[in-house]
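What follows is a short report on a single structure.
Chains as they are written, first to last, in this note's numbering: chain A, 320 to 634; chain B, 320 to 634.
In structure tokens form, the structure reads like this:
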């Protein structure tokens with residue numbers, strides 16, 4: 320949920336960790352569970368007028384507040400288990416809370432998460448959720464573990480949530496089916512736990528797409544000190560979005576909550592077999608390169624990326 | 320940090336827990352660490368204009384945001400270990416963040432806590448912290464474990480933080496020394512980890528005082544299905560507060576972050592020896608009773624408590 324202009328804040332809160340296995344800097348922090356397993360823990364806040372607009376269906380806010388954290392846990396290769404909720408609201412509103420908790424608990428049920436703690440305060444409407452999950456130490460998916468020549472895989476379709484936001488803001492019009500689908504993607508993102516669980520043991524690195532494909536892939540590249548070469552045509556983009564020339568929604572639009580994974584080329588045939596066998600919605604979009612640069616090409620021609628997304632040398 | 324009017328919210332978020340050792344309803348939730356130990360986890364939010372006034376020294380906000388969660392962990396008998404921070408602010412402010420993180424990390428250092436995760440968002444100023452600690456299963460201090468005839472113990476002095484808030488709001492005047500001390504108690508609460516660690520193995524139940532002595536003791540009584548008889552003269556109240564006739568600040572004022580503990584009468588002599596040996600700031604204020612009622616007496620005469628604090632039958 321990190322806003323780009325807020326990256327500076329990382330510098331104030333990142334210290335060397337001694338007791339933790341992995342501190343700030345990935346989708347979730349990691350600490351020891353037992354000799355073979357780690358706990359993954361992630362926290363995310365949704366604020367009114369920033370992460371959702373006023374009068375959004377509270378059921379959907381509840382669902383999404385849980386889902387965005389579950390997404391972080393899944394992107395570590397972990398299985399979500401426990402959650403805590405800290406909610407601020409101007410005054411108690413029973414109808415709102417009833418719908419909100421319904422959405423939250425339905426998401427908990429879907430991902431087998433148990434809500435174990437809560438805090439309620441007065442304040443501007445804000446929902447913070449913390450989720451804990453567990454993962455085998457040898458199958459944890461770190462941002463920093465992408466290897467040169469790894470295939471880059473992406474779950475689901477990209478750009479729908481960003482399209483949904485544009486439609487709500489009346490900045491674009493789309494056919495009814497697309498409108499419904501994209502607002503659904505924005506307000507109640509589908510997570511691909513099944514897909515991730517199927518292939519995670521073959522993967523090296525992963526990140527969930529909350530800031531947008533380009534931004535989040537660049538987080539992997541920076542952390543792994545590598546680059547990537549991606550083909551625009553292979554990025555899973557809804558046909559209507561392509562036809563409307565709105566590919567940028569898939570490249571830079573946030574809130575997809577799909578997952579980017581990297582896996583050795585040697586695993587490609589195994590993954591492709593699973594795609595067919597289990598009908599996985601998974602696309603191979605490119606390859607990790609030695610050159611610390613993100614190159615996205617369209618019919619062999621390099622696309623000029625938005626400022627700040629081309630080079631990933633450590634500053 | 321639960322506001323009284325928000326108690327109703329509990330009903331929306333409390334479900335039976337299967338995987339957790341203890342869910343919503345105590346200072347922290349508990350889940351298995353290993354065969355003999357539990358993890359305790361707590362989350363609390365501080366909002367501008369609710370939990371701190373605008374222009375409060377960010378160093379102190381940082382310190383307090385961590386301390387109120389550490390306090391919850393200590394009140395479970397646990398040792399704090401890891402923390403996550405989720406901060407919302409209208410726009411990045413380096414000077415503010417520098418001071419805030421200084422306060423936060425100084426508190427982390429004092430209580431041996433490692434910050435392992437963070438999230439930053441745009442929104443009204445709000446700080447959420449989650450703290451994890453560990454505790455031996457057989458020495459965990461639950462609200463629900465107070466036994467009839469247990470002694471009731473309280474750490475430190477009560478009412479100073481509430482006095483500090485009154486002074487800041489110019490609703491009361493106090494001598495300089497008291498003013499300084501009470502504003503310090505409000506803005507940078509001292510936690511009594513040393514005292515709690517010394518006596519916790521002799522105790523049955525505990526809670527930290529965030530809502531006020533009467534409210535928090537009543538949480539123990541409700542959860543343990545017991546009552547209490549307390550002597551006003553034994554409650555540790557600053558002399559000036561007593562002289563000013565402001566005992567209500569100690570009874571109902573929040574934000575003390577002292578701790579109420581209960582322990583069998585059989586442990587009294589052991590605890591008293593420790594008080595003398597280690598110079599603990601610890602007061603014995605009363606006794607747990609069978610009658611589900613909180614009775615506070617002043618020279619043998621029952622004090623009329625504020626509405627809602629007398630009877631604790633389960634509704």
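Positions of the beta carbon are idealized from the N, C-alpha and C atoms, including for glycine.
Within the segment 347–371 of chain B, those residues whose Cβ lies closer than 9 Å to any Cβ of chain A are, in chain order, 347, 348, 349, 350, 352, 353, 358, 360, 361, 362, 363, 364, 365, 366, 367, 368, 369, 370.
Neighbours of residue 342 (chain A) in chain B, taken as residues at a C-beta separation under 8 Å, are given in chain order as 433, 434, 435, 436. Distance from the CA atom of residue 610 (chain A) to the CA atom of residue 467 (chain A), rounded to whole angstroms, is 9 Å.
For residue 555 (chain A), same chain residues with a beta-carbon under 7 Å away, outside a window of 5 residues either side, are 473, 475, 476, 477, 602 in chain order.
Residue 606 (chain A) is a Cβ neighbour of residue 547 (chain A), given a cutoff of 9 Å. Distances from the alpha-carbon of residue 437 (chain A) to those of A:385, A:586, A:397 put A:385 closest.
Those residues of the segment 445–460 of chain A placed with their C-beta closer than 8 Å to a C-beta in chain B are 445, 447, 449, 451, ordered along the chain. Around the beta carbon of residue 372 (chain A), fewer than 16 other beta carbons sit within 10 angstroms, so the residue counts as exposed. Distances from the CA of residue 616 (chain A) to each of A:549, A:580, A:599 were compared; the closest alpha carbon is that of A:549. The DSSP-derived three-state label of residue 550 (chain A) is strand.
DSSP places residue 408 (chain A) within a strand segment (E or B) once states are collapsed to three. Minimum Cα-Cα distance from residue 400 (chain A) among the listed residues A:596, A:383, A:435 corresponds to A:435. Rounded to whole angstroms, the gap between the alpha carbons of residue 365 (chain A) and residue 346 (chain B) is 24 Å.
A distance below 9 Å separates the beta carbons of residue 553 (chain B) and residue 604 (chain B).
As the crow flies, the alpha-carbon of residue 595 (chain B) is around 15 Å from that of residue 516 (chain B). Counting C-beta pairs with one atom in each stretch, the segment 519–527 of chain A and the segment 578–585 of chain A have three or more that are closer than 8 Å, which means they touch. Chain A places no beta carbon closer than 9 Å to that of residue 493 (chain B), leaving this residue out of the contacts. Nearest CB-CB separation between residue 338 (chain B) and chain A: below the 9 Å threshold.
For residue 385 (chain B), the closest Cβ of chain A is not nearer than 9 Å.
Per DSSP, reduced to three states, the secondary structure at residue 388 (chain B) is helical. The DSSP-derived three-state label of residue 611 (chain B) is coil. Neighbourhood of residue 513 (chain B) in chain A, by CB distance below 7 Å: empty, with the nearest CB roughly 21 Å away. Close CB contacts of residue 492 (chain A) within its chain, under the 6 Å cut and outside five residues either way in sequence, are absent.
Contact check for residue 510 (chain A) against residue 393 (chain A) passes: the beta carbons are separated by less than 9 Å. Excluding five sequence positions before and after residue 573 (chain B), the CB atoms of its chain that fall closer than 8 Å to its own CB belong to 480, 481, 528, 529, 530, 531, 534, given in chain order. At least one C-beta of chain A is nearer than 9 Å to the C-beta of residue 417 (chain B). With contacts defined as CB atoms closer than 9 Å, residue 424 (chain B) and residue 446 (chain B) fail to qualify as a contacting pair. Taking 9 Å as the threshold, the shortest C-beta distance from residue 424 (chain A) to chain B falls below it. The alpha-carbon of residue 403 (chain B) is positioned some 21 Å away from that of residue 408 (chain A).
Secondary structure note for residue 622 (chain B): it is in no alpha helix (DSSP H), with a DSSP letter that is neither H nor E.
About 7 Å separates the CB atoms of residue 383 (chain A) and residue 507 (chain A); that is less than 8 Å, so the two are in contact. Non-local C-beta neighbours of residue 600 (chain A) in its own chain, meaning closer than 8 Å and more than five positions away in sequence, comprise 474, 475, 476, 511, 514, 555, ordered along the chain. Close partners of residue 334 (chain A) in chain B (Cβ separation under 9 Å): 424, 427, 433, 434. Annotation: Cβ neighbours of residue 400 (chain A) in chain B (cutoff 7 Å, chain order): 338. Residue 494 (chain A) is classed as exposed because its beta carbon has fewer than 16 other beta carbons within 10 Å across all chains shown.
Judged by DSSP secondary structure, residue 570 (chain B) falls within the alpha helix (DSSP H) whose first and last residues are 566–571.
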